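Student:
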Amino acid sequence: MIFIDFVMTVKELFQSLDFKDIIEPMKKKYPTALLPLSRYKEDYDIILNTVFSGEGGTLTFHPDSDSDAYMCEGDRYFNIVGMEVVLPDNGAVTAAEAAAEILWCSAPFGRYGEIDWGDVADWPEEFEPGEPRWELALLEAKIGPLPERTKQSLLSSSSIEKVYYESQTYGKSGRIEYIADLLLNPLYNSKKYLGPSKKQECICVLYTTPEHPCTTAEQSRIIEIIGKYFGSTPWQLFTRQCKGLAHEAELDITYITDCE
14 MIFIDFVMTV KELFQSLDFK DIIEPMKKKY PTALLPLSRY KEDYDIILNT
64 VFSGEGGTLT FHPDSDSDAY MCEGDRYFNI VGMEVVLPDN GAVTAAEAAA
114 EILWCSAPFG RYGEIDWGDV ADWPEEFEPG EPRWELALLE AKIGPLPERT
164 KQSLLSSSSI EKVYYESQTY GKSGRIEYIA DLLLNPLYNS KKYLGPSKKQ
214 ECICVLYTTP EHPCTTAEQS RIIEIIGKYF GSTPWQLFTR QCKGLAHEAE
264 LDITYITDCE
């Protein structure tokens, strides 16, 4: 008989681990089905700082490697953090392995989007999502008209990838330094969308709120950070204001590959 006596909440589980403890088990279990690792770092910090306000539940990990982690899929962090995690006392499943599975299952849906984009009815409907014309229309709907050369790069591209980096400081650090860590820390940023051997350029948009706009010092710092990240890859930076981010900041990067 297996006696199960290792019980804690999801938040307590994550508080007992550094993010680096979770990465390797996650990469081992889901080698071909990962979001950018920086996204999981953001969600890790959200879990550490979210107050439980839901009904909870129980996530049991069994000695045969079966688990209930899938119950996190589609749920929100305000509930997930209060769920009880039950691990077998024989060590068949480690705390890091359980956390990796929980984070992988919850990350796609656990948080609400912070930026308020207004009425989605104003977004482009005449093109298919994902095609270059749609991506161009969507980007211009968010930030305004782009230079003609940038438009042509988007329209002639063979691949368009978008990655979002959102600070999750909770007042504990600088928002731009948080984004710097997401971009430059080799522990969880592999630069997977950068292709130095390909013709590529990138469009970067830094969003802040009217109440807490990007300062001159912050803009200088983000330019420095982006320059280090991209190296020889051409890039452009736009700064815009939006609703919903409070004191935080978001950097959206559009990677345009094989552009003219």
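Per my numbering: the sequence shown = residues 14 to 273.
Every residue gets a Cβ at the ideal spot worked out from N, C-alpha and C, and that includes glycine.
These numbers were taken from a predicted model, which means no experiment stands behind them.
Out of Ser203, Ile189, Gln254, point me to the one whose CA is closest to Pro233's CA.
Tutor: In the sequence shown, the residue the question calls residue 233 occupies position 220. Note that residue 233 corresponds to Ser in the displayed sequence, not to Pro. Nearest of Ser203, Ile189, Gln254 to Ser233, Cα basis: Ile189.
Student: Pick from Ala108, Asp56, Ser210, Cys215: whose alpha carbon is nearest that of Phe122?
Tutor: Residue 122 sits at position 109 when you count from the first residue of the sequence shown. Of the listed residues, the one whose Cα sits closest to Phe122 is Asp56.
Student: Within 10 angstroms of its Cβ, does Gly95 collect 16 or more other Cβ (buried), or is it exposed?
Tutor: Here residue 95 refers to the residue found at position 82 when the sequence shown is read from its first residue. Buried, because 16 or more other Cβ atoms sit within 10 Å of the Cβ of Gly95.
Student: Should the region 263-273 be regarded as contacting the region 195-212, the criterion being three or more beta carbon pairs within less than 8 angstroms?
Tutor: Counting Cβ pairs under 8 angstroms, three or more are found: they touch.
Student: If you run the structure through DSSP and keep just helix, strand and coil, what is Ser119?
Tutor: On the sequence shown, residue 119 is found 106 positions in, with the first residue counted as 1. Helix.
Student: Alpha carbon to alpha carbon, how far is Asn103 from Glu263? Give it in angstroms, no decimals.
Tutor: Mapped onto the sequence shown, residue 263 falls at position 250. Mapped onto the sequence shown, residue 103 falls at position 90. Approximately 43 angstroms between the Cα atoms of the pair.
Student: Determine, using beta carbons only, whether Pro38 and Ala150 come nearer to each other than 9 angstroms.
Tutor: Position 25 of the sequence shown holds residue 38. Position 137 of the sequence shown holds residue 150. Not a contact, by the Cβ cut-off of 9 angstroms.
Student: Can you tell me where the alpha helix (DSSP H) holding Tyr53 begins and where it ends?
Tutor: As a working mapping, residue 53 is identified with position 40 in the sequence shown. Residues 50-62.
Student: Label Leu200 either buried or exposed according to how many other C-beta atoms from any shown protein chain fall within 10 Å of its C-beta, with 16 as the threshold for buried.
Tutor: Indexing the sequence shown from 1 puts residue 200 at position 187. Classification for Leu200: exposed.
Student: In its own chain, which residues sit with a C-beta less than 6 angstroms from the C-beta of Tyr191, not counting the 5 before and 5 after it?
Tutor: Counting from one through the sequence shown, the residue named residue 191 turns up at place 178. Taken in chain order, the residues that qualify are Ser180, Thr182.
Student: In chain order, what residues of the same chain have a beta carbon less than 7 angstroms from the beta carbon of Ser170, not counting five sequence neighbours either side?
Tutor: Indexing the sequence shown from 1 puts residue 170 at position 157. Counting only Cβ-Cβ distances below 7 angstroms, and skipping sequence neighbours, we find Pro145, Ile269, Thr270, Asp271, Cys272.
Student: For Leu197, count the other beta carbons within 10 Å of its own beta carbon; 16 or more makes it buried, fewer makes it exposed. Which is it?
Tutor: In the sequence shown, the residue the question calls residue 197 occupies position 184. Under this definition Leu197 is an exposed residue.
Student: Looking at C-beta atoms only, is the number of pairs between the region 73-88 and the region 40-48 that lie closer than 8 angstroms three or more?
Tutor: No, they do not touch.
Student: Counting C-beta neighbours from all protein chains within 10 Å, is the total for Ala230 16 or more, i.e. buried, or is it exposed?
Tutor: The count along the sequence shown starts at 1 and reaches residue 230 at position 217. Exposed, since its Cβ has fewer than 16 Cβ neighbours within 10 Å.
Student: Can you check whether the CB of Glu114 is closer than 9 angstroms to the CB of Thr267?
Tutor: Counted from its first residue, the sequence shown places residue 267 at position 254. Counted from its first residue, the sequence shown places residue 114 at position 101. Taking 9 angstroms as the Cβ cut-off, Thr267 and Glu114 do not qualify as a contacting pair.
Student: Give the DSSP-derived three-state secondary structure of Phe19 in the structure shown.
Tutor: Within the sequence shown, the letter at position 6 stands for residue 19. In the structure shown, Phe19 sits in a strand (DSSP, three-state: E or B).
Student: Measuring alpha carbon to alpha carbon, tell me which residue in Leu258, Glu148, Tyr178 is nearest Lys164.
Tutor: Working through the sequence shown from its first residue, we reach residue 164 at position 151. With distances taken between Cα atoms, Lys164 lies closest to Glu148.
Student: Less than 9 angstroms between the C-beta atoms of Thr63 and Glu97, yes or no?
Tutor: By 1-based counting over the sequence shown, the position of residue 63 is 50. By 1-based counting over the sequence shown, the position of residue 97 is 84. Result no, Cβ atoms of Thr63 and Glu97 do not sit closer than 9 angstroms.
Student: Can you list, in chain order, the residues of its chain with a C-beta nearer than 7 angstroms to that of Leu26? Leave out the 5 residues immediately preceding and following it.
Tutor: The residue labelled residue 26 in the question sits at position 13 within the sequence shown. Hits under 7 angstroms: Val98, Ala108, Ala111, Ala112.
Student: Hey, Thr221 and Leu258: beta-carbon distance below 9 angstroms or not?
Tutor: Position 208 of the sequence shown, counted from the first residue, corresponds to residue 221. Position 245 of the sequence shown, counted from the first residue, corresponds to residue 258. Going by C-beta atoms, Thr221 is nearer than 9 angstroms to Leu258.
Student: What does Glu214 pair with, by DSSP beta-bridge criteria?
Tutor: Numbered from its first residue, the sequence shown carries residue 214 at position 201. According to DSSP, which records beta bridges pairwise, Glu214 is partnered with Ile269.
Student: Return the chain-ordered list of same chain residues with a C-beta closer than 8 angstroms to the C-beta of Thr246, the five sequence neighbours on each side being excluded.
Tutor: Position 233 of the sequence shown holds residue 246. Leu207, Pro209, Gln213, Glu214, Cys215.
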